[in-house]
Structure formats: structure tokens, C-alpha cells
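Taking it in order: structure first as C-alpha cells, then the write-up.
Number of protein chains: 2
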Amino acid sequence: MPLSRHRFWYHGLVATITEVARRAGVSTTTAKRAIREPGKLAPETLRRVREAVEALNYEPDQLASALRSGRSTTLGLVIGSIVEPFFAELTRTIVHDARARGFNVIVADNEYRDDVEAAHLRSFYGNRVAGLILRSAYGSSNLDYLLRMQGRGVAVVEVDCIIPGSPLPHVMLDNVGAVDRGVAHLVAHGHQRIAALSSYHPKLNADERVQRFPDALSSRGLRLPAAYVSQTAPTEREGYEVALHLMRLPEPPTAIFATTGSMAAGAYRALMELGLRVPRDVSLVAFDDYPWMRLVHPGIDTLAQPVEAMGRAAVRLLFDQMRLGAQAQVEHTQAERLRFPAELVVRGSVTPPRAE
Amino acid sequence: MPLSRHRFWYHGLVATITEVARRAGVSTTTAKRAIREPGKLAPETLRRVREAVEALNYEPDQLASALRSGRSTTLGLVIGSIVEPFFAELTRTIVHDARARGFNVIVADNEYRDDVEAAHLRSFYGNRVAGLILRSAYGSSNLDYLLRMQGRGVAVVEVDCIIPGSPLPHVMLDNVGAVDRGVAHLVAHGHQRIAALSSYHPKLNADERVQRFPDALSSRGLRLPAAYVSQTAPTEREGYEVALHLMRLPEPPTAIFATTGSMAAGAYRALMELGLRVPRDVSLVAFDDYPWMRLVHPGIDTLAQPVEAMGRAAVRLLFDQMRLGAQAQVEHTQAERLRFPAELVVRGSVTPPRAE
DNA sequence: TAAGGTGATGGCCACGAGACCATACGCAAG
DNA sequence: CTTGCGTATGGTCTCGTGGCCATCACCTTA
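These protein sequence lines map, in sequence, to chains A and B.
The first sequence begins at 1 in my numbering and counts up by one.
The second sequence begins at 357 in my numbering and counts up by one.
If you want it as C-alpha cells, here you go:
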């Protein structure tokens, strides 16, 4: 099947400025001015051109405009998975703020895999995005490519997670502080056997939450049993499976610390299935204040992220970079790094462990 | 501040095919062939060009390509709100399937408002999207514009909701059947005072679910009290507020039928706040099988939508249209309309109403 | 030996809009 | 009458790629 019939073929169908000009009886230059510098036209000419624009449903071709001017009005957004509510809210904010500035956003999930991510980055670069907001896959090997993109004039901002050694600007949660608060919350209720559901990565433990967790325990005189450690993706399904595994251990944890909201949902489901109740049988603390966490009884204690503020900040950093342009990058200006604090919301899913 | 410093400026930064050709010591035509028709080159030439591509990190400019060929590889997706899990899952499927075919997807929320939607449509048309998948706002007045876009060669598919009178292809739930099953489920348990949480629109009741609801009642000998009718957007917040209102009526419903998952979440929250328990005090049936619905106790009875299948179908219809091209539209081929059945999942949120 | 085919490569224009220079005209000051 | 200037408008080249035609060397066949 011929490629030419496979895709949107617009020549001859969509109106161009030439046709507008012809219909209005002016030159293309004048017609263009009616759109971009209407003050320079005589009122009567302006009226005629506007009439033609209206009649032909003319809409300037952004592709041609971007090509000629070298200014793209498209951004790329790579996240873990759009069905994760954290990413959905982040995406909403980013898309909204970008559109308010006249930019479109191409969205793609990396599915927490760096090969998928690599393909998206190439595609975004090929589409000449003006900027890129990235939530990299754990253990991503795409830092070189990102830096090359940046060198080619693409603004890049990392969110939620950073590639180790990355010099790029980023917007992150204060993960160390948040993990400490979560652990402190559990320890204050007397828990000693605590397991974290987190995104352990075989090679690179880029996840700051899981990196901090053992230290947060040991600084309080506790240790992390080897049996509590597993390697997972931060999804509902993995949360479910790891929680099942943990609670079937000879010495199961008395408290579970889920480092993402979806993992918490999976764990909660596993606990229900095992007939275990929260917090009577197991205490639970989670990241991400998801709607369901106040629908269950009692509600889940959680470390809420200021998602909207983080999304806005990411867009702001991106446009700062785009404003400065390649200059600043050549001059090795220090990249801006932002940290946002998590807020502990207590609802009752943590109580002292049962005496055995 | 000058516009020229505001955006991505790529000329002189990104490598073009001309530079690749120069570095490889061949003409641009030969260099291009190395990418699109490598079989036509002598092995040694091919090697040299590939080396240059590698060295310069050359990536073809999709903007220029789309402009020249008239074939865009970008799609537009307009949904209600990405934070609604139904739309998130739909988006995931659509973006995934589109990327598998080499297409990018620009995503935008219409926030259930047709003026926001109109702005997105103009922007998508200006960006020369090859196709558009749309979940229109209730009471959308953009049908004319959509038809003009279609006339200009843009493939259009509606999902989840259709503009009244629209001749466009669509992918929908069998809403009439689903509402009937939900009502039947409640009536079978003896409920007579049933309220629907739905997206009533002041002017146009485009929402098939709310349109069907009164008939589903009356065909079973029941009637819908005027006090149970309200106008809402299908959000968590509105679900919460309408449920509060309903349960404070002199004659509150004995069962609530939420026509979206988010409204169900809002209603559930309202019931908790009022100290009412499901199903002891109120029975609840919802659309959309969201994860939280099996985390609460008892789980929520729900009409599950085959979201992934619907997303895949929408992409398939879109590419069918793009394949056929403008020809078929001129020939007034009958648009394809697909309906998917909902599945009733029973978990225990419906029991006979309490004797008063 | 001439005609014809084939494989490998290059030249050239167009897509639609942006940037800049050029032109034509009116009008006032010298 | 010329000069200068401002206003209104038009002409032309360019961005990077796709599509098509042209060229040239080499080989085969009658």
C-alpha cells in the first residue's frame, strides 16, 4: 500500500496565505501583515483580508512557520505512565501551563523502561520540540542523548526522578526528608519490622526513596532484613505481589511503607485478599495522596506531594531555559534545582503493632 | 523581550542532511537515500554516510518533512480531563497505538467546556494534525469546525460522547443498555427512590446516560422526582456536592446511580462524611471500574467499560479514515460507529433498602 | 559498433511562512 | 522643483526535506 495514501495529505485542501491574498486582491506580504502586524494596514485592506481569512478558514501552518523561523511551539513530555494519578495530575498542570504560553505538548509513557524512553527522545528530537520535561526510567542510560539534545538547543528539565550524575535542572520532592518523616511516624508508634515497597533497580538505585530507607531505619537503631528487599516497578500490580510475598514471610513486617500511591493500592488489595486489616494487622504509610486513601476506613496516612506546584515549577524552569537559549548552556550556568517538601497527612492507618 | 529569544532556535545548532552530505563527501540526494532507500547505495558510500549521521547526531527534521510531503505524523487528542482515570487509560492506549504506527499525539483537556475545546481544535488544525480523536464537551458547539477540519483532510473520530447530529465516526459505550442494566440491578433489590449523578447540561443533554435514566425508571413503573435532578460536571467535586444535597432531602434516595467513576468517588466521600454507610443506608452503583472500588468494603457494584478496547478501536477507525483520505469523505461513505457493551461487576454495594 | 539497459549518483524545484529589502505615493519643508 | 520622510504595499530569498529528472560509467546484446 502506497505511503502517500496513508497519511494526512493537505496540499490543495488547506488554505494558504497565497490563496487568502489572491481572494483579497493583495500580495502575500500584505496578507501576512493582516495577521501579525494589523496596525500597518489600511483599514479597508485589513477588512478585505480578514474577510478572506474567514471565508477560507485560513489557519497559519505552524509547521512551515516553525521551519522557517527555527522556533518550534511544541514541547515533549515523557512520564512513567499516564494512568498513575501522580503523572496524570502532573501532565494536566504541564499541558495547561504550556498551552497558556501557546505551546503544544506531545505526551509519551516510558513505561519505566529506558529503551522505550530512548525511542521517545529520538522522536521528540526529530519533531524539533522546543523543550522537554522528562521523568526518566530508573537506570536510564539516556543522559548522553539528553545532553546532546540540550547542546542542540532543546531545553530539558527533569521531574520526580533524576538520572545519577545529571547536570540538568530538575524539580523533585524532598525524598530524603519525606522518607525520614514516614519512618519516624512508624517508629513513633513502636514499629520495628518495617518493609518498603519501592522501585529497587538491579543496577542503579536511582530512586532516592529506596536509597534513603535503610539509613532512615539504621539512624533509629533498626535494620532492614534482607528478605524485605525486592526489585519492582512502581505499579499497582507489583505492589500487590510484593505485599503478598512480604506478609507470607515467617517474620512479616508489622508496617508497610509504600513509596508510591499505586504500590499502596496494590498492597492494600493484597492485604484485603489475605484477610489482613489495616491498621489492626499491618500499619500502612504511603506516598501520594490519592482520592481512594480517604475512602477506605480508616483512611491511609500519606506523604502528600505538591503535584501542581511541581508541575508549574517544571514549566517555569523549562521556559527560563528556553528564554536564555543555548547561550547560557554554553556558559555553563548552574542549572536550577528545586525541591518541594512532602506533607504528612494522618488518617489512622498507623497504630502500634499488635502484641504477638 | 524579543520573541526571537523566547523559543527554540535551531538553525545552526541541529545538523541537517546538507551537513551530513558534506561530511560524507556526497550529494544531499545520496545522503537522503542512505536513510530512506539504503539499498540503492554502494556499500562503501552507505558506510560513509552512516558514519556522518552518527558523528553529527543527525535526526531528520519532521517539520520540514511534513511540510514538503504534506504528510503530518502528529495526531491530536482532546479529552475531558486527564486526571479522570477513564481518560488516562484511554489516553495511554491511544498514545501507545499511535506511536506504534509512528505518530505523535498532542494531548489537551477541554475541561468539559466547549470554548476551551474550540481553542484546542484551532491549535490542532494550525499544527496540521493528521487526525483527531475527540471527547467533546457536553453541549459542544464545535461540530461545524470539526466538519470543516474533516473537509480539509483531517481524520476525526469521536469517543465516549457525541455531539448531537454528528455524522462523524465514533466509538462509544452502549449507554442505553448499561443504564438499563444498572437500573434493573437496583430495582431487582427493591429500590424505588433512585437518583442518578450525571452530567445534566442546561441546554443540550448530550449525555446518553442521563437521557436514558428517566425512561429506564418509567419502563419499570418508577418515576424520577424532580428534586433528584441537578446540573453538574462529571467530576469528583460535583459528585460530592450533589450527593450531599440528595441525602439531605426530606425524601432522600435509597440508591444512587453514579454515571461516572469520579462522581461515585465524590458521592462515596459525601456519604462517609454524613455518617451513612454503603449499602446499609444507601445502595450505590457506578460506571467505570476504578481501582478504589475494590478497596472499600464492601466493594462497589459497577458497570465496567472496556476502555482499552475502545481506545484501540478509536485509533483503528482514525487510521482507516486516514488511509481512505479525503476521497471517501467526498463520496459520503457511511461513517463507522462502534458500540461496546458494559459489564456489570457485583461486589456488594447494592442490597435491599432499609425498612423505614 | 551502436543501441539499450542498469546501477550509482547529483541537480533542481517546491512546500508555506518569516525576514528583509524595494517600491510607489502623498505631503511638507527647503 | 527637489529632497526627505512616512505610510502602504509588493518582491524575493530562505528554512530542510521530498520527489522527480538528469547524468555518467559500465555492461549486455544484436
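Built from N, CA and C at the ideal position, the CB exists for glycine as well.
From a predicted model like this one, the values you see are computed outputs, not experimental measurements.
Given this structure, state the Cα-to-Cα distance separating A420 of chain B from E19 of chain A, to the nearest angstrom. As a working mapping, residue 420 of chain B is identified with position 64 in the second sequence. As a working mapping, residue 19 of chain A is identified with position 19 in the first sequence. One C-alpha to the other measures close to 21 Å.
Under a three-way DSSP split, which group does S360 of chain B fall into? Translated into positions along the second sequence, residue 360 of chain B becomes position 4. Only weak support exists for where S360 of chain B lies, its pLDDT of 37 falling under 50; the value from the coordinates is given anyway. Correct three-state label for S360 of chain B: helix.
Let me check one thing: in DSSP terms, what residues is A464 of chain B bridge-paired to? Along the second sequence, one-based indexing puts residue 464 of chain B at 108. A464 of chain B pairs with B:V434.
Name the DSSP beta bridge partners of E158 of chain A, please? Here the question's residue 158 of chain A lines up with position 158 in the first sequence. A:L134 and A:H170.
State the Cα-Cα distance for the pair L499 of chain B and R604 of chain B, rounded to the nearest angstrom. Working through the second sequence from its first residue, we reach residue 499 of chain B at position 143. Working through the second sequence from its first residue, we reach residue 604 of chain B at position 248. Near 40 Å, if we compare the C-alpha coordinates of R604 of chain B and L499 of chain B.
Excluding the 5 residues preceding and the 5 following R135 of chain A in the sequence, name in chain order all residues of the same chain whose CB lies nearer than 6 Å to its CB. Position 135 of the first sequence, counted from the first residue, corresponds to residue 135 of chain A. If we look at R135 of chain A and ignore the five residues flanking it on each side, its Cβ neighbours are I79, G80, V159, D160 and C161.
In whole angstroms, what is the alpha-carbon distance linking V345 of chain A and A233 of chain A? Against the first sequence, residue 345 of chain A aligns to sequence position 345. Against the first sequence, residue 233 of chain A aligns to sequence position 233. Between V345 of chain A and A233 of chain A, the C-alpha separation is close to 25 Å.
Can you tell me which of the three DSSP states Q693 of chain B falls into? Within the second sequence, numbered from 1, the residue matching residue 693 of chain B stands at position 337. Per the sequence shown, residue 693 of chain B should be read as Arg rather than Gln. It is a strand residue.
Ordered along the chain, which non-local residues of its own chain (more than five positions away) have a Cβ less than 7 Å from that of P570 of chain B? Indexing the second sequence from 1 puts residue 570 of chain B at position 214. Around P570 of chain B, the same chain offers L580 as residues with beta carbons nearer than 7 Å, after the five sequence neighbours per side are excluded.
Note the first and the last residue of the continuous beta strand (DSSP E) segment covering D301 of chain A. If you number the first sequence from 1, residue 301 of chain A lands on position 301. Taken as a continuous stretch (DSSP letters only), the beta strand (DSSP E) holding D301 of chain A covers D301 to A304.
Are the C-beta of Y624 of chain B and some C-beta of chain A separated by less than 7 Å? To locate residue 624 of chain B, count along the second sequence from 1; it is residue 268. Output row for Y624 of chain B: interface = yes.
E415 of chain B at chain A interface by Cβ criterion, 7 Å: As a first step, residue 415 of chain B must be located in the second sequence, where it is residue number 59. E415 of chain B counts as touching chain A.
Are the C-beta atoms of G704 of chain B and some chain A residue less than 7 Å apart? Translated into positions along the second sequence, residue 704 of chain B becomes position 348. It does not: the Cβ of G704 of chain B has no partner Cβ on chain A nearer than 7 Å.
Tell me the DSSP secondary structure of A255 of chain A in three-state form. In the first sequence, counting from the first residue as 1, residue 255 of chain A sits at position 255. Of the three classes helix, strand and coil, the one that applies to A255 of chain A here is strand, per DSSP.
May I ask you to verify whether the segment 521-541 of chain B touches the segment 470-484 of chain B, counting CB pairs closer than 8 Å and requiring at least 3? no
Would you mind giving the Cβ-Cβ distance between I300 of chain A and A255 of chain A, rounded to the nearest angstrom? I have them listed as a contact below 8 Å. On the first sequence, position 300 is the one that residue 300 of chain A refers to. On the first sequence, position 255 is the one that residue 255 of chain A refers to. No, I300 of chain A and A255 of chain A are not in contact; Cβ-Cβ is about 12 Å, not under 8 Å.
Chain B contact for R339 of chain A (CB, 7 Å cutoff): Taking the first residue of the first sequence as position 1, residue 339 of chain A is located at position 339. False, the Cβ-Cβ gap to chain B never drops below 7 Å.
If you measure from the beta carbon of P647 of chain B to each beta carbon in chain A, is any gap under 7 Å? Start at 1 with the first residue of the second sequence, and residue 647 of chain B comes out as number 291. At least one chain A Cβ lies under 7 Å of P647 of chain B.
Status (buried if at least 16 other CB within 10 Å, exposed otherwise) for E59 of chain A: Residue numbering aside, residue 59 of chain A sits at position 59 when the first sequence is read from its first letter. Label assigned to E59 of chain A: buried.
Do we get a CB-CB distance below 7 Å when we pair T28 of chain A with the residues of chain B? In the first sequence, counting from the first residue as 1, residue 28 of chain A sits at position 28. So no, T28 of chain A is outside the interface.
Buried or exposed, going by whether 16 or more other CB atoms sit within 10 Å of the CB of H11 of chain A? Residue numbering aside, residue 11 of chain A sits at position 11 when the first sequence is read from its first letter. Per the 10 Å Cβ criterion, exposed.
Quick one: is A599 of chain B near chain A, going by C-beta distance under 7 Å? Position 243 of the second sequence holds residue 599 of chain B. For A599 of chain B, the answer is no, since every Cβ of chain A falls outside 7 Å of its Cβ.
Would you identify the three-state DSSP class for V47 of chain A, choosing helix, strand or coil? Mapped onto the first sequence, residue 47 of chain A falls at position 47. The question names Val, yet the displayed sequence has Arg at residue 47 of chain A. For R47 of chain A, the three-state secondary structure derived from DSSP is helix.
CB-CB under 6 Å to M1 of chain A, same chain, minus the five flanking residues each way: which ones, in chain order? Taking the first residue of the first sequence as 1, we reach residue 1 of chain A at position 1. Because M1 of chain A carries a pLDDT of 30, less than 50, the predicted location of this residue cannot be relied on, and the following value inherits that uncertainty. Apart from sequence neighbours up to five positions away, no residue of its chain approaches M1 of chain A with a beta-carbon distance below 6 Å.
Give me the subset of the segment 118-133 of chain A whose CB atoms are less than 9 Å from a CB atom of chain B, sorted by chain position. A119, H120, R122, S123, F124, Y125, G126, N127, R128, V129, A130 and G131
Check whether the segment 527-547 of chain B and the segment 665-673 of chain B are in contact - that is, three or more C-beta pairs closer than 8 Å. Result yes; three or more Cβ-Cβ pairs closer than 8 Å.
Short check: CB of N110 of chain A to CB of I462 of chain B, under 7 Å? Here the question's residue 110 of chain A lines up with position 110 in the first sequence. Here the question's residue 462 of chain B lines up with position 106 in the second sequence. No.
Anything in chain A within Cβ reach of T447 of chain B, meaning under 7 Å, just list it in chain order. Start at 1 with the first residue of the second sequence, and residue 447 of chain B comes out as number 91. Within 7 Å Cβ-Cβ: I82.
Run of the beta strand (DSSP E) containing L553 of chain B, from where it starts to where it stops: Here the question's residue 553 of chain B lines up with position 197 in the second sequence. Note, L553 of chain B: beta strand (DSSP E), I550 to L553.
CA nearest to the CA of M322 of chain A, picked from A:A226, A:R101 and A:Q62: Looking up residue 322 of chain A in the first sequence gives position 322. Looking at the Cα atoms, A:R101 is the closest of the given residues.
Would you please verify whether the beta carbon of G153 of chain A is less than 7 Å from any beta carbon of chain B? Mapped onto the first sequence, residue 153 of chain A falls at position 153. Judged by the 7 Å Cβ criterion, G153 of chain A is in contact with chain B.
Within chain B, the residues that V107 of chain A reaches when beta carbons sit closer than 7 Å: Taking the first sequence and counting its residues from 1, the one referred to as residue 107 of chain A is at position 107. Per Cβ cutoff of 7 Å: V451, V461 and V463.
Extent of the continuous alpha helix (DSSP H) run through E564 of chain B: Here residue 564 of chain B refers to the residue found at position 208 when the second sequence is read from its first residue. Run containing E564 of chain B: E564 to S574, per the alpha helix (DSSP H) assignment.
Helix, strand or coil at S72 of chain A according to DSSP, with G and I counted as helix: Taking the first sequence and counting its residues from 1, one reaches residue 72 of chain A at position 72. Looking at S72 of chain A - three-state DSSP - the assignment turns out to be strand.
Taking the straight line between their C-alpha atoms, what separation do you get for E273 of chain A and L197 of chain A? The residue given as residue 273 of chain A occupies position 273 in the first sequence. The residue given as residue 197 of chain A occupies position 197 in the first sequence. Computed Cα separation, rounded: 18 Å.
How about F340 of chain A and P306 of chain A: are their beta carbons less than 7 Å apart? By one-based count along the first sequence, residue 340 of chain A stands at place 340. By one-based count along the first sequence, residue 306 of chain A stands at place 306. Yes, the Cβ-Cβ distance between F340 of chain A and P306 of chain A is below 7 Å.
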